[in-house]
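Visitor:
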Amino acid sequence: MFTPIGSTKCHLGRCGVSCHELLNIVVALYDVCLPDIGLEDLRANICARGAKTFILIRDEQEILEEYHQKVSADIQKDPISSSVEQPTTEEDERERPGMCSFVFSDSESSAEEDESETESESEEKERFNASLKEFLACVRKRALQRRQLQDANTTSSPLDIGIESRIVAAMTYQRSTLNSKEKVIKLSLLSTRKRYRGYGVGQYIVKLLQDPSLVGLYDAIVTHADSGAVKFFTRCGFSDDILLNSKFKEFEDDWTNTTMMCYFPPFTKDSHCSLDATDIELDMELWKMRSLVAYQAQTVFMTRIIHEIRTSRKQLASQKEQIRSLTNELERTKDEKYQLEKRFLQFKLERAHQLCQSTNFKKELLLFDDEFEFTATLPYSQYKKKESEQIDDQVDDQESIINQLNLEFIEKMQRCPGMEDNQIEVKELVQASLSIDVKRSIESHVSTLIEPTLCTRLYYCGGQDHPERLTQILGSGFTHKDLHRGAYGKGLYFSSSASTACTFSPPRQVLIADVHIGNTETVLHKDEDRTCASKGFDSILVPGRLHESSSPHTSDLMQEFIVFNNLQASPVCLLTYCIGRNKNTEGCKDVTSDIVK
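Residue numbers for the sequence shown follow UniProt numbering, beginning at 1 and rising by one.
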């Protein structure tokens with residue numbers, strides 16, 4: 001017969017066992033069955049605030065009768081101590097080598113204790129160790145007495161039977177309350193002696209824990225099972241479902257290398273209830289109604305979501321189509337505007353060229369105004385006169401810019417040695433017309449330079465391999481494919497010398513550009529793999545690719561600026577020129593090959 005007892009004084013008095021003996025025997029039983037935890041952790045869990053322990057023991061008279069039926073040859077060792085004999089013929093558990101011997105060894109000293117422990121904790125440990133040592137001595141003494149009596153075929157007395165012979169199983173639990181106000185029983189430790197396993201002892205003591213009349217009302221039981229105990233707790237009604245156990249995540253760190261499992265009590269708390277299942281049926285019907293309402297709500301929600309998705313996709317498709325239509329219209333408008341600007345610019349250039357050749361332009365314009373004034377009304381004639389004056393000013397400005405570019409080019413060409421006596425004439429000047437997007441891109445990049453305000457007008461040293469690019473650059477600006485890999489790196493090469501630029505440009509053509517050189521670094525060594533200026537600089541100034549073939553007097557004319565980003569240069573115009581042998585030579589002849597000689 002098994003007798004369950006608790007840790008209260010009345011129960012202790014009934015079984016005639018002291019509190020210290022019960023603590024020692026429970027610790028010893030847990031240590032045998034759960035060797036990886038350790039004696040100190042076991043004692044801490046058993047003696048924790050609010051912790052309670054169930055202990056199953058056998059009746060003392062049964063143990064005496066069992067000893068009377070035994071002979072000396074059948075006595076086996078008890079698993080709690082290596083010197084305790086068991087009065088049974090059944091297969092018993094084997095004790096681990098050194099069980100409890102380390103705790104009671106004489107070599108242990110207080111110096112090995114953790115420095116952070118308080119004095120009260122140290123005293124409590126010392127008392128526990130002393131009590132456990134005394135208990136172990138009593139166990140060995142009783143075992144020796146039983147052996148002597150059995151050898152003499154003498155009947156054992158109740159004084160020779162200790163708690164170590166009567167204990168069957170033990171269970172420690174603790175009540176806790178979650179943040180959600182749910183009452184939870186936390187099963188910390190559970191052990192059954194090996195000789196009693198397989199007889200339903202473990203399930204019996206778990207049923208005691210599941211009985212609300214013994215432990216009080218609760219919402220769930222939580223435990224941490226090792227790999228060998230998962231099946232046992234599953235048979236007891238526990239579940240290792242991850243979703244169910246997620247609500248008890250605040251207990252996850254209590255133990256390591258374990259599986260959290262939980263048990264939920266049934267609806268009926270009383271084990272002696274009637275066979276009437278009306279309440280359960282009502283609960284089931286209520287659950288069905290709530291499930292149906294939840295399903296209907298989910299279905300309605302999903303239907304609305306589908307309608308919203310379809311409506312959103314239709315709106316998105318309509319917006320995409322509208323955006324595509326507006327984009328195409330914008331592109332057509334840009335093309336038309338570009339063509340109009342190009343035609344208007346060409347008209348202005350042609351008109352300016354005609355004005356340059358006509359000395360009586362202003363006189364003819366005045367005669368035209370007088371004639372128009374004679375046939376027009378006074379207000380409109382005044383407006384026309386004002387408009388004519390504005391056109392006249394614009395033409396004068398345009399003429400001034402063109403003349404300045406022409407004179408600068410001719411002057412710089414004649415600086416080249418051997419070109420002083422040659423006749424240089426600009427045949428055509430085509431101005432650049434960049435789109436607003438290109439201009440904004442250039443302005444955006446220039447604002448990121450170290451010195452964004454440093455800009456100069458230079459001649460482009462390129463286009464010889466692809467002459468058609470010069471005309472394209474006037475409309476679209478410089479691009480990445482215009483970056484040329486030269487002796488000093490891959491970039492756009494420019495020069496302040498017109499003759500140097502003509503050497504690398506197509507015959508009779510040269511491109512003028514505004515170059516944002518920014519903070520310029522002077523570089524002397526060649527490096528074809530250079531792709532950017534040094535840190536803190538925006539461009540580099542090099543001796544030039546023609547430096548080796550130049551004389552000391554012309555070395556400055558051969559210098560070149562290199563920028564490594566196409567957005568640092570903005571085209572101004574494209575010049576078409578002609579060079580004659582001397583001022584007396586009629587017509588023009590291509591002698592650009594003689595510039596660097």
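All C-beta atoms in this analysis are idealised placements derived from N, C-alpha and C, irrespective of residue type, glycine included.
#1: Excluding five sequence neighbours on each side, which residues of the same chain lie with their C-beta closer than 6 Å to the C-beta of Y196?
#2: Based on DSSP bridge pairs, tell me the residues matched to residue 604.
#3: Taking its Cβ as the centre, do 16 or more other Cβ atoms sit within 10 Å of R310, making it buried, or is it exposed?
#4: In this structure, how does DSSP classify C578 when only helix, strand and coil are distinguished?
#5: Mapping DSSP to helix, strand and coil, what is Y218?
#6: What does DSSP give as the partner residues of F561 in its beta bridges?
#7: Return the first residue and the last residue of the alpha helix (DSSP H) that Y459 is part of.
#8: What number of angstroms, rounded off, separates the C-alpha of E399 from the C-alpha of V426?
#9: With DSSP as the reference, label H484 as helix, strand or coil.
#10: Alpha carbons only, please: which of L136, N566, K342, G486 is nearest the one belonging to R530?
#11: In whole angstroms, what is the alpha-carbon distance linking residue 634 and V515?
#12: If you drop the 5 nearest sequence neighbours on each side, which residues of the same chain put their C-beta closer than 7 Å to that of V26?
#13: Just how far apart, CA to CA, sit H20 and Y295?
#14: Taking one C-beta from the region 476-483 and one from the region 494-511 each time, how about it: are there three or more such pairs within less than 8 Å?
#15: Relative to the C-alpha of I436, which residue among E329, I163, S444 is closest?
#16: Just to confirm, are L407 and L575 a CB contact at a threshold of 7 Å?
#17: S18 by DSSP, collapsed to three states: which one?
#18: Under a three-way DSSP split, which group does I80 fall into?
#19: Would you please state the rounded distance, in angstroms, between the beta carbons of S191 and C33? I believe it to be under 8 Å.
#20: Taking the straight line between their C-alpha atoms, what separation do you get for Y218 and K141?
#21: Where does N565 land, buried or exposed, given buried means 16+ other C-beta within 10 angstroms?
#22: I need the DSSP call for S213, collapsed to helix, strand or coil.
#23: Taking the C-alpha atoms as reference points, what is the distance between S18 and L29?
#24: If we require 4 or more residues per run, which alpha helix (DSSP H) segments fall completely within the region 423-456?
#25: Alpha helix (DSSP H) containing S476: first to last residue?
#26: Pick helix, strand or coil for C33, following the three-state DSSP scheme.
#27: Can you tell me whether DSSP reads E548 as helix, strand or coil?
#28: Evaluate the contact criterion for the region 461-470 versus the region 533-542: three or more CB pairs, one atom per stretch, below 8 Å.
#29: How about A225 and M261: are their beta carbons less than 7 Å apart?
#30: Grab me the residues of I402's own chain with a C-beta within less than 7 Å of its C-beta, minus the 5 sequence neighbours each way, in chain order.
#31: DSSP three-state label for G202, please.
#32: Per DSSP, A569 forms a beta bridge with which residues?
#33: Would a C-beta distance cut-off of 7 Å place E341 and S441 closer than the cut-off?
#34: Assign K52 to one of three DSSP states: helix, strand, or coil.
#35: Please list, in chain order, all residues of the same chain as S176 whose beta carbon is under 7 Å from its beta carbon, the five residues on each side excluded.
#36: Going by beta-carbon coordinates alone, are G544 and L454 separated by less than 7 Å?
Guide: The short version:
#1: Position 196 of the sequence shown, counting from 1, holds the residue named residue 196. Cβ within range, chain order: V168.
#2: Beyond the ends of the chain as shown, which are 1 and 597, falls residue 604; an answer cannot be given.
#3: In the sequence shown, counting from the first residue as 1, residue 310 sits at position 310. Exposed is the call here.
#4: Here residue 578 is taken as the residue at index 578 of the sequence shown, counted from 1. Of the three classes helix, strand and coil, the one that applies to C578 here is strand, per DSSP.
#5: Position 218 of the sequence shown, counting from 1, holds the residue named residue 218. Collapsing the DSSP output to three states places Y218 in coil.
#6: Counting from one through the sequence shown, the residue named residue 561 turns up at place 561. Answer is F494, L541.
#7: Translated into positions along the sequence shown, residue 459 becomes position 459. That residue, Y459, is in no alpha helix (DSSP H); its beta strand (DSSP E) goes 456-460.
#8: As a first step, residue 399 is located in the sequence shown; it is residue number 399 there, counting from the start. As a first step, residue 426 is located in the sequence shown; it is residue number 426 there, counting from the start. Here the C-alpha atom of E399 lies approximately 14 Å from the C-alpha atom of V426.
#9: Counting from 1 along the sequence shown, the entry for residue 484 is found at position 484. In the structure shown, H484 sits in a strand (DSSP, three-state: E or B).
#10: On the sequence shown, residue 530 is found 530 positions in, with the first residue counted as 1. Per the Cα distances, G486.
#11: As displayed, the chain neither begins before 1 nor continues past 597, which places residue 634 out of reach and without an answer.
#12: The residue given as residue 26 occupies position 26 in the sequence shown. In the same chain as V26, and ignoring 5 residues on each side of it, the C-beta atoms closer than 7 Å to its own belong to I46, T53, I55, A170, in chain order.
#13: Indexing the sequence shown from 1 puts residue 20 at position 20. Indexing the sequence shown from 1 puts residue 295 at position 295. Here the alpha carbons of Y295 and H20 stand approximately 59 Å from one another.
#14: No contact exists between the region 476-483 and the region 494-511.
#15: Here residue 436 refers to the residue found at position 436 when the sequence shown is read from its first residue. Nearest option by C-alpha distance: S444.
#16: Residue 407 sits at position 407 when you count from the first residue of the sequence shown. Residue 575 sits at position 575 when you count from the first residue of the sequence shown. With respect to the 7 Å criterion, L407 and L575 are not classified as neighbours on the basis of their beta carbons.
#17: Reading the sequence shown from its first residue, position 18 is the one you call residue 18. It is coil, neither helix nor strand.
#18: Taking the first residue of the sequence shown as 1, we reach residue 80 at position 80. At I80, the pLDDT of 47 sits below 50, so the modelled position is not reliable; the number obtained from the coordinates is stated separately. Coil.
#19: Here residue 191 refers to the residue found at position 191 when the sequence shown is read from its first residue. Here residue 33 refers to the residue found at position 33 when the sequence shown is read from its first residue. Confirmed, about 4 Å.
#20: Working through the sequence shown from its first residue, we reach residue 218 at position 218. Working through the sequence shown from its first residue, we reach residue 141 at position 141. Rounded to whole angstroms, the gap between the alpha carbons of Y218 and K141 is 44 Å.
#21: Within the sequence shown, residue 565 is the residue found at index 565, counting from 1. Classification of N565: buried, given that the 10 Å Cβ count is 16 or more.
#22: Here residue 213 is taken as the residue at index 213 of the sequence shown, counted from 1. DSSP places S213 in helix when its eight states are reduced to three.
#23: One-based indexing of the sequence shown puts residue 18 at position 18. One-based indexing of the sequence shown puts residue 29 at position 29. Taking the straight line joining both Cα atoms gives about 17 Å.
#24: Runs of the alpha helix (DSSP H) inside the region 423-456: 436-446.
#25: Along the sequence shown, one-based indexing puts residue 476 at 476. Here the alpha helix (DSSP H) through S476 covers 468-476.
#26: Position 33 of the sequence shown, counted from the start, is the residue given in the question as residue 33. For C33, the three-state secondary structure derived from DSSP is helix.
#27: As a position in the sequence shown, residue 548 is number 548, starting the count at 1. DSSP places E548 in coil when its eight states are reduced to three.
#28: Output reads no: the region 533-542 does not touch the region 461-470.
#29: The residue given as residue 225 occupies position 225 in the sequence shown. The residue given as residue 261 occupies position 261 in the sequence shown. A contact, by the Cβ cut-off of 7 Å.
#30: Locating residue 402 in the sequence shown gives position 402, counting from the first residue. A distance below 7 Å between beta-carbons, with the five flanking residues on each side excluded, links I402 to the following residues of its chain, in chain order: A352, L429.
#31: Within the sequence shown, the letter at position 202 stands for residue 202. Helix.
#32: Stepping through the sequence shown from its first residue, residue 569 is reached at position 569. DSSP output for A569 lists V515 as bridge partner(s).
#33: The residue you call residue 341 lines up with position 341 of the sequence shown. The residue you call residue 441 lines up with position 441 of the sequence shown. Their beta carbons are not under 7 Å apart, which means E341 does not touch S441 by this criterion.
#34: As a working mapping, residue 52 is identified with position 52 in the sequence shown. DSSP, read as helix, strand or coil, puts K52 in strand.
#35: Stepping through the sequence shown from its first residue, residue 176 is reached at position 176. Closer than 7 Å at the Cβ level, and outside the excluded window around S176, lie V184, K186.
#36: Stepping through the sequence shown from its first residue, residue 544 is reached at position 544. Stepping through the sequence shown from its first residue, residue 454 is reached at position 454. It is not a contact, given that the beta carbons lie outside the stated cut-off.
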